[in-house]
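To start, the structure itself, in structure tokens.
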Amino acid sequence: GAGVSQTPSNKVTEKGKYVELRCDPISGHTALYWYRQSLGQGPEFLIYFQGTGAADDSGLPNDRFFAVRPEGSVSTLKIQRTERGDSAVYLCASSPKGGSSYNEQFFGPGTRLTVL
Amino acid sequence: GNSVTQMEGPVTLSEEAFLTINCTYTATGYPSLFWYVQYPGEGLQLLLKATKADDKGSNKGFEATYRKETTSFHLEKGSVQVSDSAVYFCALRSAGGTSYGKLTFGQGTILTVHP
């Protein structure tokens, strides 16, 4: 079956611009996570959705970052007034359920964002 | 807070050599531990996991044992292949409902295996 997909695969933008990154989770997965992976580092948690609501947004670095999941499926990560330090690979993962019980997270291929 | 520390890379080995990638962690309670692998041009994939102390996770010839006394989860393989060349990430998932399953990753170790 189809895995997690992310679009675009690459995004180049100029400092100060607004960008949107899209994640299509595996069908039926209610839990969705965004992570950010800077060069030479491991992924860092940004935000977690259970259904339509953001249950944990503690990893968002500042108020320029925002994410939505209006229908409980596709999610969009939005970055305003991009800065060069935002350059990274943004990863999305989905899971059958979130919460306290263990469920494997399935990762998408990521969107490589470059801010010039 | 939670943290994961992996051995510095890159690691370069000849085919059929023995592999160890060290991983230690800091966490409260009893986290679950994971190794993820990222092959060139592909997304992160779960390689193996262990959910409680003394559990051994294994897959594709790789093994790791959850050692609570040393807070470690070292990855091992007895005989590596060229196809094992990839980036390996150690990760933990906190116990408890408020963690919501989010993962904390180490910085990754690049493994290159030569024929």
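The listed protein sequences correspond, in order, to chains U and Z.
Going by the working numbering, the first residue of the first sequence is number 3, and it counts up by one from there.
Going by the working numbering, the first residue of the second sequence is number -17, and it counts up by one from there.
In this text, a Cβ means the ideal position worked out from N, Cα and C, and glycines have one as well.
As the structure is a computational prediction, the values presented were derived from the model and not from experiment.
Taking the alpha-carbon positions, what's the U/K80 to Z/E51 distance?
What you label residue 80 of chain U is simply residue 78 of the first sequence in a count that begins at 1. What you label residue 51 of chain Z is simply residue 69 of the second sequence in a count that begins at 1. The straight-line gap from Cα to Cα measures roughly 42 Å.
Does U/S75 come within less than 9 Å of chain Z when only Cβ atoms are used?
In the first sequence, counting from the first residue as 1, residue 75 of chain U sits at position 73. No, no contact with chain Z.
Which residue from Z/L1, Z/S54 and Z/T53 puts its Cα closest to that of Z/F44?
Here residue 44 of chain Z corresponds to residue number 62 of the second sequence, with the count starting at 1. Taking only the C-alpha atoms, the option nearest Z/F44 is Z/L1.
Would you mind listing the alpha helix (DSSP H) stretches within the region -2 to 44 of chain Z that are 4+ residues and don't spill past its ends, in chain order?
Runs of the alpha helix (DSSP H) inside the region -2 to 44 of chain Z: none found.
Name the DSSP beta bridge partners of U/Y35, please?
Counted from its first residue, the first sequence places residue 35 of chain U at position 33. Paired residue(s): U/Y50 and U/A95.
Comparing alpha-carbon positions, which option in Z/K42, Z/V19 and Z/F55 lies nearest Z/A9?
As a position in the second sequence, residue 9 of chain Z is number 27, starting the count at 1. For Z/A9, the nearest C-alpha among the options comes from Z/F55.
Note down, in chain order, every chain Z residue with its Cβ under 7 Å from the Cβ of U/A90.
Counted from its first residue, the first sequence places residue 90 of chain U at position 88. By Cβ distance, chain Z contributes nothing, its closest Cβ being about 13 Å from U/A90, past 7 Å.
Sorted by chain position, which residues of the same chain lie with C-beta nearer than 8 Å to Z/P13's C-beta, five sequence neighbours on each side aside?
What you label residue 13 of chain Z is simply residue 31 of the second sequence in a count that begins at 1. Hits under 8 Å: N(-16), Y7, L74, R75, S76 and A77.
What distance in whole Å lies between the Cβ atoms of U/K17 and U/G118, which are believed to be in contact at a cut-off of 8 Å?
For the purposes of this step, residue 118 of chain U is identified with residue 116 of the first sequence, where counting begins at 1. For the purposes of this step, residue 17 of chain U is identified with residue 15 of the first sequence, where counting begins at 1. Per the sequence shown, residue 118 of chain U should be read as Leu rather than Gly. So it is a contact: roughly 7 Å between Cβ atoms.
In or out: U/D88 buried (at least 16 other Cβ within 10 Å) or exposed?
The residue you call residue 88 of chain U lines up with position 86 of the first sequence. Result: buried.
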